[in-house]
Amino acid sequence: MMGRGGMTTTSKTKAVGQRAVVIGASIGGLAAAAAAAPFFESVVVLERDRAPTDTSHRPGTPQSRHAHALLVGGLMALDALMPGFEAGLVAEGAVLLRSNIDFRGERMGYDPFPQRDVGMRSRALSRPAIDRAAWKCLTSSFPNVEFRDGCRVTHLVPSPDGSAVAAVRYQRDGKDETLASDLVVDASGRGAPTVGFLQEAGFPAPEEEIIGVDQGYASCLFEIPGDAPSDWKSVLTFGAPPNDSRGGLLMPIEGNRWIVSLGGRHGQAPPGDLEGYLAFAQSMRTQTIYQAIRGAKPEGGVVRYGFRENAWRHFERLERFPRGLIPLGDAVCRFNPVYGQGMSVAAQEAHLLKRLLSDIAAGRADLIGLSKSYFAGVPELIETPWNVANFDFVFPGTRGQPPADLAFRLQFSAALIKLVAEDPAVHKLNSEVQHLVKRRSAYRDEGVIQRVMEVLNSARPAVPAE
Ligand SMILES: Cc1cc2nc3c(=O)[nH]c(=O)nc-3n(C[C@H](O)[C@H](O)[C@H](O)COP(=O)(O)OP(=O)(O)OC[C@H]3O[C@@H](n4cnc5c(N)ncnc54)[C@H](O)[C@@H]3O)c2cc1C
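Residues in the sequence shown are numbered consecutively from 425, following my numbering.
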């Protein structure tokens with residue numbers, strides 16, 4: 425049997441095309457390469473920097489110096505795309521985190537939130553170690569995936585009739601090279617190749633929804649002291665909305681270390697020197713993180729990062745979009761890192777892409793309709809995490825258009841949190857939604873809604889949700 429690219433297909437999978445090109449070797453690109461590998465003769469990953477072959481920080485992903493929580497939904501998607509991925513995390517020294525018993529959550533009115541075992545497990549480690557585990561797993565499972573380092577994609581090349589992307593142009597060692605492709609996945613983070621192509625080839629630009637949070641971060645590593653508290657492994661502290669947005673995440677990572685990221689919105693950012701950083705921790709609403717790190721040995725200095733805004737490009741609303749192009753990960757939607765969703769959404773989008781490619785391979789769909797089907801599936805993946813971003817509007821100074829029913833959403837959420845604290849079954853459901861294992865539509869369960877409404881009607885919870 426012949427595939428679209430004219431090559432013979434294997435008995436295992438029916439090839440969809442000759443070559444897929446993935447732009448970017450960060451988590452979105454790695455997951456996309458794993459999604460495409462079973463369906464293309466070859467997958468070429470072009471990275472302007474280098475593939476994550478070790479655990480040093482790459483300039484291409486400056487955010488890697490900050491705490492990166494991998495949600496259970498993301499872990500599941502990556503493990504499904506790259507069998508053995510979770511075992512790879514363990515081999516990198518990942519720390520087992522039992523939700524929510526190893527985790528101390530601190531939010532106004534709940535200091536701490538009840539720590540219960542809700543039956544979910546995640547793995548905590550540094551961002552470079554996550555990417556390396558994915559790279560290792562990918563390269564050992566799929567010999568048809570090739571990484572090309574030092575290749576900066578400059579243009580996507582249109583097909584002769586202008587309706588599709590036919591090739592990728594990139595620069596390596598100052599020289600231009602062109603690579604023909606049946607499918608290009610833009611996992612470049614900023615999505616400049618896609619945006620540039622749409623503009624140059626006369627396609628409409630996607631509407632962009634923005635929630636501006638002006639989040640400032642500062643992170644530092646610490647050796648975990650011998651007398652560290654035993655009643656938690658990780659702490660997440662929220663501020664006191666609407667006026668105090670300062671909070672922090674302390675997470676264990678490989679090598680018996682904590683990575684501690686502190687942050688605040690709209691000018692409440694932590695400073696970049698250790699003394700100022702510790703003073704910021706001390707000034708936060710609760711003292712748990714400060715007490716843990718004040719005597720701990722820092723490793724390296726404090727690093728800072730600025731995150732301006734959540735941004736969702738609504739490709740699904742476009743009437744025309746070039747064939748042979750799939751943007752993925754941050755190129756579609758960037759989320760406020762406070763909620764730890766970006767890697768997981770990228771992995772779930774790659775999982776969706778794999779399912780659609782498998783439909784094509786099985787003859788149930790064709791490559792021509794791929795981007796349309798993909799864009800039709802993406803909003804369902806983004807809607808739940810994006811809804812969390814809407815709660816940023818509780819802070820004055822947040823830019824963008826709040827949902828019309830924001831006040832009700834905040835009240836509903838505060839009542840739900842009260843119920844979550846009281847009821848282990850609702851706590852489990854809430855954890856599944858927060859970890860992107862279930863969609864937020866799971867809250868539409870009649871029993872849950874009725875009980876939330878009872879809380880709302882009995883006494884309005886005064887504590888705004890973050
Ligand atoms: C401070 C901070 C903390 C975060 N914490 C979390 C967290 O706890 N949990 C979580 O899930 N997410 C978190 N995120 C979000 C997460 O980092 C991103 O969502 C995720 O990395 C997106 O992956 P990506 O592959 O789409 O893009 P990126 O990670 O941005 O990678 C893009 C890649 O493409 C390459 N590239 C770019 N342009 C080109 C080009 N023209 N040619 C070739 N290569 C190119 C880059 O070098 C890079 O390797 C955090 C983000 C920040 C900023």
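A virtual CB, placed ideally from N, CA and C, is assigned to each residue, including glycine.
Please name the residue or residues paired with residue i in a DSSP beta bridge.
i, result
"V684", "C644, L674"
"P582", "V589"
"G636", "E733, R823"
"P751", "D610"
"Q595", "R576, D600"
"R758", "A735"
"K664", "A small fix is needed here, since residue 664 is Ala in this sequence, not Lys. Beta-bridge pairing links A664 to D668."
"V812", "Its beta-bridge partners do not exist; DSSP assigns none."
"E856", "The partner list for E856 (beta bridge, DSSP) is empty, contrary to what the question assumes."
"R689", "Q639"
"V659", "R528, L674"
"E631", "H738"
Once the 5 residues before and after residue i are set aside, which same chain residues still bring their CB inside 6 Å of it?
i, result
"S523", "V542, M544, S855"
"A629", "L622"
"G452", "A611, L752, G753, A770"
"A444", "A460, F464, V467, L607"
"S685", "H490, A491, Y641, S643, L673"
"F646", "W682, I717, A720, P722"
"G508", "C561"
"R556", "P476, T479"
"R864", "T808, N811, V857"
"Y763", "V812"
"A493", "G764"
"V844", "V850, H851, N854"
"M675", "A491, A548, S658, I683"
Could you give the first and the last residue of the continuous beta strand (DSSP E) run that contains residue i?
i, result
"A604", "599-604"
How far does the alpha helix (DSSP H) with residue i in it extend, from its first residue to its last?
i, result
"Q623", "616-624"
"S768", "766-785"
"Q835", "830-846"
"Y701", "698-706"
"E878", "870-882"
Leaving out the 5 sequence neighbours to the left and right, which residues in its chain are closer than 7 Å to residue i when beta-carbon positions are compared?
i, result
"A456", "V446, V609, A611, L752, A774, L777"
"P552", "P476, T479, S480, H481, S488"
"T578", "R593, Y594, Q595"
"S435", "Note that S435 has pLDDT 39, beneath the 50 cutoff, so the model's placement of it is unreliable and no number is given."
"T618", "D610, L749, P751, A755"
"G871", "none"
"G636", "R732, E733, T822, R823, G824"
"L499", "E510, S546, R547"
Within its chain, find whatever has a CB closer than 8 Å to the CB of residue i; leave out the 5 residues flanking it on each side and keep chain order.
i, result
"L505", "A455, A458, A459, A771, A774, H775, K778"
"C575", "L470, E471, R472, Y594, Q595, R596, E601"
"Y615", "Here the sequence assigns Gly to residue 615, which means Tyr is not the residue at that position. Excluding residues within five positions, the ones whose Cβ falls inside 8 Å are R737, P751, D754, A755, V756."
"S587", "P746, R747"
"M708", "T661, G663, R670, G671, G672, L686, Y714"
"V581", "V589, A590, A591, V592, R593, T602"
"E743", "P628"
"M431", "Residue placement at M431 cannot be trusted, given a pLDDT of 35 that sits under 50; what the coordinates show is reported in the next sentence. Excluding residues within five positions, the ones whose Cβ falls inside 8 Å are A439, Q442, E465."
"G730", "D638, Q639, G640, Y641, A693"
Hey, does residue i have any beta-carbon neighbour from chain D nearer than 8 Å?
i, result
"G484", "This model lacks chain D altogether, as it is built from one protein chain only."
Item to check | beta strand (DSSP E) runs contained entirely in the region 427-509, provided each spans 3 or more residues | outcome: 441-447, 464-470
Next on the checklist: At 4 residues or longer, what runs of the alpha helix (DSSP H) sit wholly inside the region 709-737?
Outcome noted: 712-717
Checklist entry - Curious, which full-length alpha helix (DSSP H) runs of at least 4 residues does the region 505-575 contain? => result 509-515, 551-565
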